[in-house]
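Reviewing the structure listed below.
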Amino acid sequence: MTASTAGSGLPEPGPALTAGEALGVVDELATLIGDALGRPVRLVLGSALPPVDSPVFHAYDGAGAPVAIARWALDPGSAQLLLDEAAVLAALEEAAERGSPLVAPRVLVLTTWRGRPLLVQEAGAPPYRTRPPARAALLAAERAVARLVTPADLDRSYATQLRTALAGLEPSSLTERLVATLGLLAERHDLEALPRGAWHGSWSPDTTASCAAGGGRVLAWGWERFAVNRPLGFDTLHFRLTQLRRDGRASGAGAALVREAPRLLADWPVPLEDRDCVARLLLLELAAREITEVGTRHAPVSWAADWLAPTLPTSA
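Residue numbers (the numbering used here): 8 to 323.
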């Protein structure tokens with residue numbers, strides 16, 4: 008699935024605005040969103056979350072209940088990411104209507120406001136802790152995510168894609184080791200033969216819950232990092248990595264993930280001999296993402312010393 012098609016018909020974003028300038032238009036935006044929802048809303052400005060550097064507005068109704076989340080692009084880069092996410096949410100809504108085990112917050116408004124894309128969607132995460140989905144339900148939802156691709160999405164090399172991302176990082180001893188590790192994995196495994204699909208990108212207990220309507224369906228939000236052409240099982244592994252970090256095992260989470268990979272990926276069509284490789288590829292992907300967003304000098308020490316380094320294969 009090529010997400011960029013969501014932007015068809017929308018004009019190019021105008022010049023970038025600062026977050027401070029965005030604050031001055033809250034009332035106007037509240038009116039626009041309230042009209043779309045058919046009821047007055049109060050907006051609260053939240054924090055922008057990578058990779059979409061856009062203002063996030065939380066909309067509440069008169070009773071104080073969260074009803075929507077709005078994001079407004081400030082620059083062309085953010086605009087494209089926002090439109091890509093809107094395309095993913097639209098595809099998920101269509102799939103849900105066909106009985107998919109996965110549901111996501113509906114897109115309420117996708118329009119252009121002040122020359123920039125504005126995305127308004129249902130409030131995703133409930134304001135209270137819900138019953139976590141059973142593993143079988145999570146697996147069905149993960150498979151539904153993986154199917155959100157077209158043949159064209161997979162018609163390129165994942166190894167080359169990851170190698171390019173690593174090579175573009177700020178030079179450091181860590182990034183050099185990451186590049187070398189990918190090369191070593193490529194020598195030991197046929198990376199081009201790994202089955203691929205789409206992944207959510209932030210699949211975890213924080214972004215999933217049992218659907219209130221029941222039926223074993225999973226509600227998932229936080230689709231900002233959705234991407235295609237990734238090895239199957241990435242979401243399963245990411246979910247487990249998040250659990251390991253929460254269990255007080257952050258210092259050994261990466262190594263534990265690699266050890267558990269043969270079991271975790273047993274329900275995916277990944278050869279047994281390649282499952283630890285897929286776990287290492289996930290860690291490389293996450294390291295590249297972290298360093299890209301915060302820089303080598305500000306990357307958490309835990310990435311280099313605790314989560315990543317213990318999992319990297321040594322030369323034979």
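The beta carbon of each residue, even a glycine, is placed where N, CA and C say it ideally should be.
Handout entry: Residues near residue 169 in its chain [Cβ-Cβ closer than 8 Å; skip 5 each side]
Key = 189, 288, 291, 292, 295
Problem - Close-in-space but distant-in-sequence residues of the same chain around residue 45 (CB under 6 Å, 5 per side omitted) - result: none
Handout entry: Span of the alpha helix (DSSP H) around residue 217
Key = No alpha helix (DSSP H) holds residue 217; the beta strand (DSSP E) holding it covers 215 to 217.
Practice task
Verify whether the separation of the beta carbon atoms of residue 145 and residue 214 is less than 9 Å.
Solution key: no
Exercise for the section: Determine the DSSP secondary structure at residue 108, reduced to helix, strand or coil. Expected result: Collapsing the DSSP output to three states places residue 108 in coil.
Problem - Status (buried if at least 16 other CB within 10 Å, exposed otherwise) for residue 247 - result: buried
Practice task
In the DSSP assignment, find the unbroken alpha helix (DSSP H) run with residue 237 in it and report its ends.
Solution key: Element bounds for residue 237: not the alpha helix (DSSP H) but the beta strand (DSSP E), 234 to 238.
Problem - As assigned by DSSP and simplified to three states, the class of residue 118 - result: strand
Practice task
Please specify which runs of the beta strand (DSSP E), each continuous and at least 3 residues long, are wholly inside the segment 129 to 207, giving them in chain order.
Solution key: 203 to 206
Practice task
Select from 138, 279, 124, 299 the residue whose C-alpha is nearest the C-alpha of residue 217.
Solution key: 138
Handout entry: Distance, residue 116 Cα to residue 64 Cα
Key = C-alpha separation (whole angstroms): 13 Å.
Problem - Buried or exposed by the 16-neighbour rule on C-beta atoms within 10 Å, applied to residue 164 - result: exposed
Handout entry: Closest by C-alpha distance to residue 243, when choosing among 99, 113, 148, 223
Key = 148
Handout entry: Which listed residue (279, 114, 80) has its alpha carbon closest to that of residue 95
Key = Comparing alpha-carbon positions, the option among 279, 114, 80 lying closest to residue 95 turns out to be 114.
Handout entry: Close-in-space but distant-in-sequence residues of the same chain around residue 48 (CB under 8 Å, 5 per side omitted)
Key = So the list reads 37, 40, 41, 66, 67, 68, 74, 75, once near-sequence residues are dropped.
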